[in-house]
Each structure stands twice: as structure tokens, then as C-alpha cells.
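Chemist:
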Amino acid sequence: MPSHLLRLATVVLVAGAVMSVALSAQSSRALDPLDASGTVTYFIADGEPASAYRPSDRDLATWALQAWERSIEGTLRFVSSSEDEALIRVYWVTPDAGLYGEMASITVNGRRGAAVYVRPDAEMGGEVIARQAQADPLFRDTVVYLTCLHELGHALGLAHAGDFDDIMYFFGFGGDIPGFFNRYRMKLDDRDSIPRVPGLSTSDINRVRALYPRP
Ligand SMILES: [Zn+2]
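Numbering of the sequence shown is given in our numbering, commencing with residue 45 and proceeding in unit increments.
1. Pick out the complete alpha helix (DSSP H) segments inside the stretch 176-236, 4 residues or longer, and give them in chain order.
2. Sort Ala159, Asp140 and Tyr228 by Cα distance to Asp165 and report the nearest one.
3. In the DSSP assignment, what residue or residues form a beta bridge with Met147?
4. Given 7 Å as the limit, tell me if Phe292 has its C-beta closer than that to any heavy atom belonging to ligand 1.
5. Rounding to the nearest angstrom, what Cα-Cα distance links Pro99 and Ala80 in this structure?
6. What is the DSSP secondary structure of Val84, counted as helix, strand or coil?
7. Candidates Phe225, Arg253 and Ala108: which alpha carbon is nearest Arg240's?
8. By the DSSP assignment, the beta strand (DSSP E) with Ile132 in it spans what residues?
9. Considering Cα atoms alone, identify which of Ser245, Phe87, Pro93 and Phe214 is closest to Arg102.
10. Quick one, are the C-beta atoms of Ile211 and Gly169 less than 8 Å apart?
11. Quick one: Cα of Phe215 to Cα of Val188, how far?
12. Does the Cβ of Arg121 have 16 or more other Cβ atoms within 10 Å, making it buried, or fewer, making it exposed?
13. Over the uninterrupted alpha helix (DSSP H) stretch that includes Ser247, give me the two end residues.
14. Which stretch, first to last residue, makes up the alpha helix (DSSP H) that contains Ser115?
15. Determine the burial state of Arg258: buried for a count of at least 16 other Cβ atoms within 10 Å of its Cβ, exposed for fewer.
16. Does Val123 come out as helix, strand or coil in the three-state DSSP assignment?
17. For Ser245, which residues of its own chain have a beta-carbon under 6 Å away from its beta-carbon, when the five flanking residues on both sides are left out?
18. Out of Glu117, Leu202, Glu92 and Asp185, which one is the CA nearest neighbour of Leu75?
19. For Asp128, which of Asn153, Tyr228, Leu182 and Leu104 has the nearest alpha-carbon?
20. Would you list the one or two residues that DSSP bridges to Val152?
21. I'd like the list of long-range same chain contacts for Gln176, defined as Cβ closer than 6 Å, with 5 residues on each side in sequence excluded.
22. Rounded to the nearest angstrom, what separates Ser68 and Glu195 at their Cα positions?
Written out as C-alpha cells, the structure reads:
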């Protein structure tokens, strides 16, 4: 985990569970969009040994990338590449990271890229979310998928939003966080439904389209 990132811990009281939410300081302000002039390469790592990563989590990150790609309507195309060449790099981190996820800007061959760190377990969400994730594997995948979607939104240049409907909503603003995940979970019949349910609000889509306008 990059040490230069300042982490702010915010305590949110949700449904009787005390939840610790951390974010990188840079997530609260707008970032530059990715350099869309060429191919936008991505790399999804294997999970760190002590993380709760499952090989199938690779699908969740890929589906999150594709959801953003479709929302931008072809202005950006993501292509898988080696780690060294990847503009977007997804890493699965261990629980001691103490957060859902994090994004750090990187520079790859002079272009703005992003390293995205996702914690592939639901323990970080507090007791209510962890208990539901244990009972319902699809809820666990929901938490990991939506975390990928949120952090990849930062990778694309989006800052936090204050509207609870948006994937870029910041939990530090409060609200029913289990409900945030459940509204998505309730749209799923099975795991294969995830790529058919993007999880982006109209506002998320409008904001990302403004960053990547059609020529
Ligand atoms: Zn964020």
C-alpha cells in the first residue's frame, strides 16, 4: 500500500453496528481523467495470500470495468495487458488494510493511470454486513463488485458524490450502508446476473460521460 496516501478514518454508526470507513484523501476531489488517446490497458492481479480473494473475484473486477466501459459508450476501450504496461491495475489486499478499497494515481509511460486496491471480504463493513455475507455468497460478491465499481470510478477520475443513489457515494456521509449493498443484491437472481446489472446511477453515468466526451 503506498505510504504517501493519507488515510482518514471516519466512524459511521449504521444499524447498530459501528463501521470504520477509510478513504484516501485524494478521493474527495476530482482527478484528471485517464489518457483516452490510446488503448487503455488493464491488469488484474491474483490475490495476496492472506486476502480473502477467490479466483472468481477476477470476474467481478472485469464486470465492473465493463460496466464503466459500456456507460461511456465506446469512448474508452479497456484491453487486458501485462502488469507493467497496464494503465489500470487491480490488486486484492489483506484485511489489515482496514478499508473497503483505495485508488492511487500512477504514471505509466507518461500517461495517467491508476492502481486500485480492493479488499475482497465483507468483514470491513461491520457485523451486520459480515453476517449477511457469510449467509449469502451473492451478497458477499455484491460488496466486492460494488467496491470494484467505486474504486474504478476513482481510477477514471470521478470524485465522491453526496447522493446515496450513486456508486460514488462516500460512506463517511452516513446512511444505511447495508441498504446500499442490498438494493443491488435484490436485483440479482444469481451470480451471472451481475454483468447485466451495472449498478451505476444516471448521475454516475452523466459524470463519467462528461470526463470522456465523444469526439
Ligand atoms: Zn471512494
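By construction, the Cβ of each residue, glycine as well, lies at the ideal position given by its N, Cα and C atoms.
Owing to the predicted nature of the structure, the values given are computational and were not obtained by experimental measurement.
Modeler: Checking against the coordinates, here is how it stands:
1. With a minimum length of 4 residues, the unbroken runs of alpha helix (DSSP H) contained wholly in the stretch 176-236 fall at 181-200 and 221-229.
2. Looking up residue 165 in the sequence shown gives position 121. Checking every option, the nearest Cα to that of Asp165 belongs to Asp140.
3. For this step, residue 147 is matched to residue 103 along the sequence shown. DSSP lists Val160 as the bridge partner or partners of Met147.
4. The requested residue 292 does not occur in the structure, where the chain is confined to residues 45 to 259.
5. Within the sequence shown, the letter at position 55 stands for residue 99. Within the sequence shown, the letter at position 36 stands for residue 80. The alpha-carbon atoms of Pro99 and Ala80 are separated by roughly 29 Å.
6. Against the sequence shown, residue 84 aligns to sequence position 40. The DSSP-derived three-state label of Val84 is strand.
7. Mapped onto the sequence shown, residue 240 falls at position 196. The shortest C-alpha to C-alpha distance from Arg240 to any of Phe225, Arg253 and Ala108 is the one to Ala108.
8. For the purposes of this step, residue 132 is taken as the residue at position 88 of the sequence shown. Annotation for Ile132: the continuous beta strand (DSSP E) segment containing it runs Ile132 to Trp136.
9. Reading the sequence shown from its first residue, position 58 is the one you call residue 102. Ranked by Cα distance from Arg102, the first of Ser245, Phe87, Pro93 and Phe214 is Phe87.
10. As a first step, residue 211 is located in the sequence shown; it is residue number 167 there, counting from the start. As a first step, residue 169 is located in the sequence shown; it is residue number 125 there, counting from the start. No, Cβ-Cβ distance for Ile211 and Gly169 is not below 8 Å.
11. The count along the sequence shown starts at 1 and reaches residue 215 at position 171. The count along the sequence shown starts at 1 and reaches residue 188 at position 144. The straight-line gap from Cα to Cα measures roughly 15 Å.
12. Walking along the sequence shown from the start, residue 121 turns up at place 77. By the Cβ-count criterion, Arg121 is exposed, with fewer than 16 other Cβ atoms from all chains shown falling within 10 Å of its own Cβ.
13. Taking the sequence shown and counting its residues from 1, the one referred to as residue 247 is at position 203. First-last of the alpha helix (DSSP H) with Ser247: Thr246 to Leu255.
14. Looking up residue 115 in the sequence shown gives position 71. It spans Asp101 to Ser115 - the alpha helix (DSSP H) in which Ser115 sits, taken as one unbroken run.
15. The count along the sequence shown starts at 1 and reaches residue 258 at position 214. Here Arg258 is exposed, its C-beta having fewer than 16 other C-beta atoms within 10 Å.
16. Taking the sequence shown and counting its residues from 1, one reaches residue 123 at position 79. Here Val123 sits in strand by DSSP.
17. Working through the sequence shown from its first residue, we reach residue 245 at position 201. Answer for Ser245: Asp209 and Asp210, listed in chain order.
18. Mapped onto the sequence shown, residue 75 falls at position 31. Checking every option, the nearest Cα to that of Leu75 belongs to Leu202.
19. As a working mapping, residue 128 is identified with position 84 in the sequence shown. If you compare the alpha carbons of Asn153, Tyr228, Leu182 and Leu104 with that of Asp128, the shortest gap goes to Asn153.
20. For the purposes of this step, residue 152 is identified with residue 108 of the sequence shown, where counting begins at 1. Bridge partners of Val152: Arg155.
21. As a first step, residue 176 is located in the sequence shown; it is residue number 132 there, counting from the start. Within the same chain, Gln176 has close Cβ partners Phe183.
22. The residue you call residue 68 lines up with position 24 of the sequence shown. The residue you call residue 195 lines up with position 151 of the sequence shown. Confidence at Ser68 is low in this model, with a pLDDT of 40, below 50, so the placement of that residue is unreliable and no value is reported for it.
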